[in-house]
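This note's numbering puts the first residue of the sequence shown at 1, with every later residue one more than the last.
C-beta atoms are modelled at their ideal positions from N, C-alpha and C, and glycine is treated no differently.
Presented below is the structure to which this report refers.
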Amino acid sequence: MNLPLNLRIIAVVSAMLALFQLPSLALAWHLGEPVAPAAWTLVINLTLSLLYLPSRKASFANLQARDGVVAVILGWLVMIVLGALPYYLSGTLRGMDALFESASGFTTTGSTILADIEALPQGLLLWRSTSQWIGGMGILLLAVAILPYLGVGGAQIMKAEMPGFRKDRLTPRIADSARILWGIYVGLTALCALAYWLAGMNALEAVHHAFTTISIGGFSPKNASMGAYNPGIQWCAILFMVLAGVNYLLYFQLLFQREWRSLRDEELQWYGIIILVGSLFCTLEAFASTAANNPHDALLHGLFQAVSLVTNTGFANVDWETWPLYVQIILLTIAITGAMSGSTTGGIKIVRAIVLFKVLFAVINRMLTQERVIAVKINGKRIPSELLDSVMALGFAMTLIVAAATILLTALHLDLATAFSATLATLINVGPGIGLVGPMENFSAIPDPGKLLLIVLMVIGRLEVFTVFILFVPHFWKPDAILR
1 MNLPLNLRII
11 AVVSAMLALF
21 QLPSLALAWH
31 LGEPVAPAAW
41 TLVINLTLSL
51 LYLPSRKASF
61 ANLQARDGVV
71 AVILGWLVMI
81 VLGALPYYLS
91 GTLRGMDALF
101 ESASGFTTTG
111 STILADIEAL
121 PQGLLLWRST
131 SQWIGGMGIL
141 LLAVAILPYL
151 GVGGAQIMKA
161 EMPGFRKDRL
171 TPRIADSARI
181 LWGIYVGLTA
191 LCALAYWLAG
201 MNALEAVHHA
211 FTTISIGGFS
221 PKNASMGAYN
231 PGIQWCAILF
241 MVLAGVNYLL
251 YFQLLFQREW
261 RSLRDEELQW
271 YGIIILVGSL
281 FCTLEAFAST
291 AANNPHDALL
301 HGLFQAVSLV
311 TNTGFANVDW
321 ETWPLYVQII
331 LLTIAITGAM
341 SGSTTGGIKI
351 VRAIVLFKVL
361 FAVINRMLTQ
371 ERVIAVKING
381 KRIPSELLDS
391 VMALGFAMTL
401 IVAAATILLT
411 ALHLDLATAF
421 SATLATLINV
431 GPGIGLVGPM
441 ENFSAIPDPG
451 KLLLIVLMVI
461 GRLEVFTVFI
471 LFVPHFWKPD
481 AILR
């Protein structure tokens with residue numbers, strides 16, 4: 001274990017959280033709400049940031065990939081624990097519930113314990129939304145700094161999952177790449193907030209929803225989520241959810257390199273197809289139900305829910321659990337797929353789903369033609385066999401996790417629909433499920449051991465599974481271990 005690095009990670013994360021705590025503290029003070037919980041949280045974060053001092057002279061020139069993986073997991077756990085303090089110190093939530101809400105925020109899952117969200121103080125609500133925005137920033141850094149060494153993300157994602165398999169990362173330096181990604185992220189957030197405000201939201205709620213839309217988190221300060229707002233606002237949400245689910249490298253290529261051929265990217269095309277097909281089924285059902293009084297409402301409800309689920313945002317403008325079971329299954333299926341790689345979405349990502357299907361058909365073709373080599377291509381370029389292995393292993397690992405977690409939750413006397421959908425909702429970071437954890441319900445009915453399990457699933461899903469699992473491989477801890 002690299003103690004100086006770990007101390008620095010704790011210090012930097014604490015300082016960052018202290019900085020982001022200031023707006024919610026200022027809002028609470030401005031509105032005359034109790035400021036002690038936020039103030040104490042700020043003091044604790046600032047105190048922990050002093051841990052930077054013992055590590056300030058340490059040299060990190062020879063850091064190993066192992067150190068980076070451990071640092072990322074430690075950083076995420078520190079965020080979750082410290083992020084739970086405002087909920088706990090305010091008396092709003094007890095310990096396990098506070099950890100659950102915090103984990104759901106920072107992992108951009110969007111599942112909630114709260115039955116009456118609007119009863120929370122405004123300062124605490126702002127912190128809740130801010131946690132998702134911070135989580136989205138962390139995901140982008142994870143994509144360029146750590147996952148390359150695990151074979152299924154980071155530079156590997158940039159090289160093998162993003163358009164054309166052309167680039168290892170945006171720029172040669174990780175810090176420069178992170179700044180570019182964050183710049184795009186902040187720009188989209190500002191545009192989203194402006195659009196919400198122009199469509200009729202007040203300024204504070206526009207900021208709330210911009211944070212949770214662009215991060216693909218799905219938290220809302222309203223009990224009815226996006227269903228509390230007018231159709232114009234909901235159309236804005238659809239637009240920015242779609243934009244948030246696009247590969248950020250595409251934005252870089254279009255805005256800075258003028259590579260218009262990126263619009264022909266295979267993953268982008270499938271992203272559009274999945275949205276259209278999912279929307280078609282949802283719209284037809286919404287039109288047939290009493291929830292929509294006219295074709296416009298049917299289209300709005302159907303398109304909104306399809307986009308919300310495929311991007312893993314988790315917003316709701318209608319209780320889609322009242323729709324037929326086959327539509328619910330379609331929604332959960334596209335949620336598992338997720339949006340595009342290189343975005344803040346959860347799920348397995350569309351490009352991996354494409355790879356899995358192409359491997360399936362290639363194997364069938366080999367059985368029929370006796371070909372010995374499986375050639376799988378994305379955007380006309382062949383995928384390396386080691387990446388095929390990684391993608392298939394990821395799919396298998398997620399299947400095992402879902403099965404095991406569902407069994408454990410049913411052992412806690414939850415019904416199968418609730419246990420299965422709660423597992424999926426947290427592992428793929430989408431938020432709502434069905435049954436007791438449906439789109440208009442919450443996770444308060446889950447027993448504490450189940451909540452702890454779901455917290456673990458949120459972190460595993462957010463860190464792309466292998467980032468966590470690799471810790472349990474003995475060879476990972478050997479001095480001569482090499483991650484590619």
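- Sequence-distant Cβ neighbours of residue 95 in its own chain, meaning closer than 7 Å and more than five residues away, are 88.
- The Cβ-Cβ distance between residue 318 and residue 296 does not fall below 7 Å.
- Taking every protein chain shown into account, the CB of residue 208 has 16 or more other CB atoms within 10 angstroms, so this residue is buried.
- Per DSSP, the continuous alpha helix (DSSP H) segment holding residue 386 begins and ends at 385-411.
- Here residue 326 is exposed: its Cβ has fewer than 16 other Cβ atoms, across all protein chains shown, within 10 Å.
- Looking at the DSSP output, residue 378 sits in a beta bridge with 381.
- Judged by DSSP in its simplified three-state form, residue 79 adopts helix.
- Bounds of the alpha helix (DSSP H) holding residue 271 are 266-288.
- Residue 359 and residue 393 have their C-alpha atoms spaced approximately 13 Å apart.
- Taking all protein chains in view, the Cβ of residue 449 is surrounded by fewer than 16 other Cβ atoms within 10 Å, so the residue is classified as exposed.
- Look at the beta carbons and you see the stretch 177-195 touching the stretch 247-262: at least three pairs across the two are nearer than 8 Å.
- Across the set 355, 382, 347, 313, the C-alpha of 313 shows the shortest separation from the C-alpha of residue 432.
- Annotation: the stretch 201-277 contains the following complete segments of the alpha helix (DSSP H) (minimum length 4 residues), in chain order: 203-214, 231-244, 248-255.
- A distance below 6 Å between beta-carbons, with the five flanking residues on each side excluded, links residue 14 to the following residues of its chain, in chain order: 45, 48, 49.
- Within its own chain, the residues whose Cβ lies closer than 8 Å to the Cβ of residue 363, once the five positions on either side in sequence are excluded, are 374, listed in chain order.
- Residue 447 and residue 419 have their C-alpha atoms roughly 11 Å apart.
- Of 20, 427, 417, the smallest CA-CA separation from residue 111 is found for 427.
- Here residue 331 carries a helix assignment [DSSP, helix/strand/coil].
- A distance of 7 Å or more separates the beta carbons of residue 204 and residue 123.
- Residue nearest to residue 266 within the set 380, 429, 31, 242 is 380 (criterion: CA-CA distance).
- Beta-carbon to beta-carbon, residue 430 and residue 335 are separated by about 5 Å, close enough to satisfy the 8 Å threshold.
- The stretch 115-132 makes contact with the stretch 215-231: 3 or more CB pairs, one atom from each, lie closer than 8 Å.
- Between the stretch 398-409 and the stretch 77-87, the count of Cβ pairs shorter than 8 Å is below three; the stretches do not touch.
- Distances from the alpha-carbon of residue 467 to those of 442, 67, 324, 41 put 67 closest.
- Within the same chain, Cβ atoms closer than 8 Å to the Cβ of residue 230 are found at 199, 200, the five residues on either side in sequence being excluded.
- The Cβ-Cβ distance between residue 216 and residue 188 does not fall below 7 Å.
- By the neighbour-count criterion, in which a residue is buried when 16 or more other Cβ atoms sit within 10 angstroms of its Cβ, residue 261 is exposed.
- Cβ-Cβ distances below 6 Å link residue 279 to 302, 303, 306 in the same chain, with the five nearest sequence neighbours on each side left out; the list follows chain order.
- Counting along the chain, the unbroken alpha helix (DSSP H) around residue 426 starts and ends at 416-427.
- In the three-state DSSP reduction, residue 106 falls in the helix class (H, G or I).
- Your pair residue 247 and residue 137 does not check out as a contact, with CB atoms roughly 17 Å apart and the cut at 8 Å.
- Sixteen is the threshold: when 16 or more other Cβ atoms of the shown chains lie within 10 Å of the Cβ of residue 21, as they do, the residue is buried.
- Sorting 202, 210, 331 by C-alpha distance to the C-alpha of residue 244 places 210 at the top.
- Short of 6 Å from the beta carbon of residue 299, and not among the five residues preceding or following it, lie these beta carbons of its own chain, in chain order: 283.
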